[in-house]
Each structure stands twice: as C-alpha cells, then as structure tokens.
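In my numbering, the protein residues as written are 27 to 298.
Below is one structure, written out as structure tokens, with a few remarks after it.
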Amino acid sequence: MTVAQIPVKTFLSKSKIPGVDYVINPYVGCPHKCVYCYAEYMRKFSGHEEPWGDFLDVRYCSVPLKPSLLFHTHVLLSSVTDPYNPYERQYELTRNLLKQLQFSQAHVHILTKSSLVTRDIDILKQLPSCEVTFSFSSSDDTLRQRAEPGASCVAEKINALKILHENGLQTAVMIAPILPGLTDWKEIILQTRPYTNRYTFDSLNMRPAYQRKVFNFVKENYPHLLPLYADIYVKENTIYWHNLAREIRAYADAENLNADIYFPHAKSKLTE
C-alpha cells in the first residue's frame with residue numbers, strides 16, 4: 027500500500043449529486059478494494075501507476091472550512107472514497123473536518139462501509155443535522171470478503187448501525203450495488219431494519235474501466251452467473267432491473283418501508 031500526503035487548496039467540491047451542495051473527499055483512493063468500485067476512474071487523475079485500492083493520498087489543507095459558506099447547505103462525506111477507511115484511525119482527517127462542520131449549521135451526510143464511524147459519535151451528536159448511511163452489497167460475509175476485502179465485516183457494520191441508532195442519530199442503509207444473483211436484499215433489510223430510518227437501492231452500474239475485473243470476479247467465484255451478467259451487461263437487457271424494481275417496491279409498500287430505488291438501467295427513479 028502506497029500512502030502519501032498531498033496538499034490541496036480546499037476540501038470542498040461543488041456537487042452534481044441531487045440534494046447535495048458540496049462533497050468532501052478527505053482522501054484520494056480507497057483501501058477497501060471493492061471489485062466493483064465506480065470511483066476507479068479517479069486513478070487517471072491521481073498520477074498513480076498502482077492499481078486502484080493499492081494507494082491512498084492523504085489530503086491536507088491549511089485553510090479551514092468557512093462556516094458562512096456552508097450555512098444550511100447539504101454536505102456529503104464522501105463520493106469517491108470512504109471517509110472512514112482504515113487509515114482514518116491514524117490521520118483523523120474526517121474527524122477534524124467534522125469538528126469544523128459543527129460551526130456551519132450544515133446538513134451532514136456520511137456514506138461509509140466502515141464501523142469506524144462510531145468513534146466519532148461525540149462529534150456527530152453535536153451536529154445540528156447528520157445522517158450516517160451504511161452501504162451493503164451483501165449480508166453474506168464470504169461474499170463481502172471476496173468483493174470488498176478491506177471494508178468492515180457485515181456483523182461489524184450492523185453493530186455500528188445499531189450503536190448509532192441507539193445514540194439517537196439518523197441512519198440509513200444503502201443496498202448497493204446490488205450484484206445480480208448475489209445480493210440478498212431482503213436479508214439485509216431483515217438484519218438492519220431495527221436500526222435504520224430509510225433505505226435506498228442502487229444497481230451495479232458497469233463502467234468500461236472495470237467491466238473485465240467484475241466479469242473475472244464472477245467467473246472465478248460464481249461461474250454459473252456468467253450468462254446472467256452477459257445478458258445484463260453485454261446484451262444490455264434491462265428486464266432484470268425492471269422486474270427487481272417492481273419486486274422491491276411491492277415489498278417496501280407491504281412492509282411500510284421508506285425506500286427509494288435508483289436503477290438507471292430501468293430508466294427511472296421508482297418511488298411511487
């Protein structure tokens with residue numbers, strides 16, 4: 027693992043994500059090494075020759091965040107890295123940024139696969155508005171170890187979700203990416219429902235940069251699913267996602283779940 031510290035002029039980036047004004051990415055790269063990571067495109071901007079997941083740039087900035095600029099805005103940590111990757115224990119970039127956000131009255135959204143977020147409960151409680159979203163692609167830790175070896179195990183994430191919930195913090199679960207034929211989304215709901223307020227669902231969106239990596243992963247570990255993946259991602263058949271969206275919506279309505287479904291393959295956001 028190559029770790030370097032790099033200076034930046036600001037941590038803030040204007041966001042194109044609906045409902046988010048600014049994104050803060052404390053790091054460049056991510057040691058979680060998720061086989062499906064959409065952020066791998068960042069490698070070409072980083073100057074690194076190492077494979078994605080084998081380097082981490084620790085960003086530092088001498089200019090503090092401006093509370094007046096962030097007043098009542100929506101701020102996301104993070105979009106192309108995990109703010110609680112294992113090196114956050116040492117560098118505490120995310121913790122220090124949260125301390126600054128206390129004074130901005132910003133609505134803070136945290137997206138992570140790491141139980142390390144519970145370390146910062148003391149600060150999270152001081153934020154006027156905060157929601158922590160845990161991303162789950164599986165409830166099966168064998169699959170998790172294969173697909174996202176550097177992330178927290180399933181049990182640790184569920185326990186962290188429970189701890190945050192019991193401390194009165196807003197939580198959410200993002201069932202994403204849904205790996206066709208592999209992600210048991212109902213089981214994820216059953217294990218997390220007591221500790222969360224809402225769910226979002228997103229499909230595995232295959233980018234050309236990592237399509238071969240994902241297909242090799244499926245071929246090595248789940249070869250019986252290769253025809254399904256070829257049908258979805260080579261033939262671009264969208265029936266799978268249409269049918270799955272209908273199934274999830276019916277289940278969510280029956281169980282009275284607050285759930286949003288984002289399936290680009292189905293060409294719609296299904297909320298009704």
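Idealized CB from N, CA, C, for every residue including glycine.
Less than 8 Å between C-beta atoms, sequence neighbours within five positions excluded: which residues of the same chain meet that for residue i?
| i | result |
| --- | --- |
| K212 | Y277 |
| F37 | I50, N51, P52, R85, C87, L91, L123 |
Straight-line CA distance for residue i to residue j?
| i | j | result |
| --- | --- | --- |
| P109 | T138 | 7 Å |
| S229 | S155 | 28 Å |
| I204 | Y266 | 12 Å |
| E233 | A256 | Checking the sequence, you will find Arg at residue 233 rather than Glu. Their backbone Cα atoms lie some 14 Å apart in a straight line. |
| K59 | S161 | 14 Å |
| K40 | S105 | 12 Å |
| L334 | T159 | Residue 334 falls outside the range modelled here, since the chain spans only 27 to 298, and no answer is possible. |
| I258 | K125 | 44 Å |
| G73 | L283 | 44 Å |
| A280 | E273 | 11 Å |
| V134 | Y248 | 38 Å |
| M68 | L153 | 30 Å |
| E115 | L102 | Looking at the sequence itself, residue 115 is Arg, so the reference to Glu does not match. For R115 and L102, the distance between alpha carbons rounds to 20 Å. |
Quick check on the DSSP output: the alpha helix (DSSP H) that includes residue i runs from which residue to which?
| i | result |
| --- | --- |
| P234 | 234-247 |
| V180 | 180-192 |
| Q152 | Counting along the chain, Q152 falls outside any alpha helix (DSSP H), and DSSP gives it neither H nor E. |
Once you ignore the five residues that flank residue i on each side, which residues in its own chain have a CB closer than 6 Å to its CB?
| i | result |
| --- | --- |
| C56 | T107, D108, N111 |
| T226 | M200, D286 |
| F289 | S229, W267, A271 |
| P175 | K59 |
| S294 | In this prediction, S294 has a pLDDT of 39, which is less than 50 and means its spatial position is unreliable; what the coordinates show is noted afterwards. Result list for S294: empty, nothing under 6 Å. |
Residues in its own chain within less than 7 Å of residue i by CB, not counting five upstream and five downstream?
| i | result |
| --- | --- |
| K239 | V61 |
| E182 | S141 |
| S130 | L91, P93, L96, F97 |
| V244 | L251, L252, Y255 |
Residue i and residue j look like a contact to me (Cβ under 8 Å); what is the Cβ gap, rounded to whole Å?
| i | j | result |
| --- | --- | --- |
| A198 | N223 | 6 Å |
| T99 | A132 | 5 Å |
| S163 | Q217 | Rounded, the Cβ-Cβ distance is 14 Å, inconsistent with contact. |
| T120 | P52 | 5 Å |
For the beta strand (DSSP E) containing residue i, name the first residue and the last one.
| i | result |
| --- | --- |
| E273 | E273 -> not in any beta strand (DSSP E); alpha helix (DSSP H) instead, spanning 265-281. |
| T36 | Careful: T36 lies outside any beta strand (DSSP E) and carries neither H nor E. |
| D228 | 225-229 |
| A285 | 285-289 |
| A202 | 196-204 |
| L48 | The sequence given here has Tyr at residue 48, not Leu. Run containing Y48: 48-50, per the beta strand (DSSP E) assignment. |
Establish whether the CB of residue i and some CB of chain D are separated by less than 8 Å.
| i | result |
| --- | --- |
| R115 | Chain labels in this structure do not include chain D; a single protein chain is all it has. |
What beta strand (DSSP E) runs, 3 residues minimum, are completely inside the segment 71-141?
81-86, 100-103, 133-138
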